[in-house]
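>
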Amino acid sequence: MEDSVFDLTVQNATVEDRIVASLEKVSEAFRVLLWAESKRTGLSPIQVQLLVFLLYQPTVRATVTVLAREFNMTKPTVSDAIKVLERKGLVVRTGNEADNRSYTLSLTANGRDVAESSGVFANVIKHQVRTLEASQQSGLLQALLEVIHLLQKTGVIHTQRMCKTCRFFAPGKGKVKHYCALMRQTLHGADLRLDCPEHVLAVSA
0 MEDSVFDLTV
10 QNATVEDRIV
20 ASLEKVSEAF
30 RVLLWAESKR
40 TGLSPIQVQL
50 LVFLLYQPTV
60 RATVTVLARE
70 FNMTKPTVSD
80 AIKVLERKGL
90 VVRTGNEADN
100 RSYTLSLTAN
110 GRDVAESSGV
120 FANVIKHQVR
130 TLEASQQSGL
140 LQALLEVIHL
150 LQKTGVIHTQ
160 RMCKTCRFFA
170 PGKGKVKHYC
180 ALMRQTLHGA
190 DLRLDCPEHV
200 LAVSA
């Protein structure tokens, strides 16, 4: 059986175990902030996240199918959360004339207000990251993007709309910078994106 990163003897002996344990602490901070926002709004954590997602993502992703994939949840679970948001007057659905079984979700004016005020709940973490040197921020971003990419490749999380999985991305090597064929410009480590609106999945991603 593999050793646990939560076993302090193991954790304090290896760098990778301490990194994973550190990520768990950051995740805990995120959960604490999300729960605080949940209490403030009277919504469940996932309902808060759904509202924020609908606010900032394009309409093409405003479906139960996409939401279920984005948040690694079942469609019935997402549908139940959406029904609550509808009853609260925060979300409305628009049917598809070509397929009455599918529909698109959109925020009401009240829903947009709630989403905008809730969308800053993680800024406490951002303010702490901002205190790091620029080189530390760039290094941290690149390391996290690589870990996320590897988790996606192993199937732990769904495919991300990040530079590393995009057909337009050419990874740098040595002194050669990364390159985006869509924007036709070189990219530094700090320029890499986790979620790009123009992302097109590469065949080999």
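Just so you know, we're using numbering that gives the first Met the number 0 here: the sequence shown kicks off at 0 and counts up by one. We treat Cβ as the ideally placed atom computed from N, Cα and C, and that holds for glycine. Just so it is clear, the structure is predicted and the values come from calculations on it, not from any experiment.
Could you give the DSSP three-state label for K172: helix, strand or coil?
If DSSP states are grouped into helix, strand and coil, K172 belongs with the strands.
> Suppose the cutoff is 7 Å on Cβ atoms and the five residues either side in sequence are ignored; what does the same chain contact list for V113 look like?
So the list reads T40, L50 and L89, once near-sequence residues are dropped.
> Identify which residue in A121, L193 and E15 has its Cα closest to the Cα of A28.
Cα-wise, what sits closest to A28 is A121.
> Which partner residues does S105 have in the DSSP bridge list?
In the DSSP output, where bridge partners are listed per residue, S105 has V91.
> Can you grab the Cα-Cα spacing for the pair H157 / A108, in whole Å?
Their backbone Cα atoms lie some 31 Å apart in a straight line.
> Indicate whether Q159 and L181 have their beta-carbon atoms separated by less than 8 Å.
Against a cut-off of 8 Å, the Cβ pair of L181 and Q159 comes out as no contact.
> T62 and S101: beta carbons closer than 8 Å?
Yes, the pair counts as a contact, with Cβ atoms nearer than the cut-off.
> Can you list, in chain order, the residues of its chain whose CB lies under 8 Å from that of T164, leaving out five sequence neighbours each side?
Answer for T164: H148, Q151, T158, H198, L200, A201 and A204, listed in chain order.
> Which value, in whole angstroms, describes the spacing of the CA atoms of T103 and V83?
T103 and V83: Cα-Cα distance of roughly 16 Å.
> Identify, in the order they occur along the chain, each residue of the same chain with its Cβ nearer than 7 Å to the Cβ of P44, setting aside the five sequence neighbours on each side.
Only L33, W34 and S37 meet the Cβ criterion.
> Taking V25 as the reference, which of C195, K176 and Q127 has the closest Cα?
Out of C195, K176 and Q127, Q127 has the C-alpha closest to the C-alpha of V25.
> Of all the options V59, A67 and Q46, which has the alpha carbon lying nearest to the alpha carbon of K87?
Per the Cα distances, Q46.
> When the distance is taken between beta carbons, is S137 closer than 8 Å to T171?
Residue 171 is actually Gly in this sequence, not Thr. No, the Cβ-Cβ distance between G171 and S137 is not below 8 Å.
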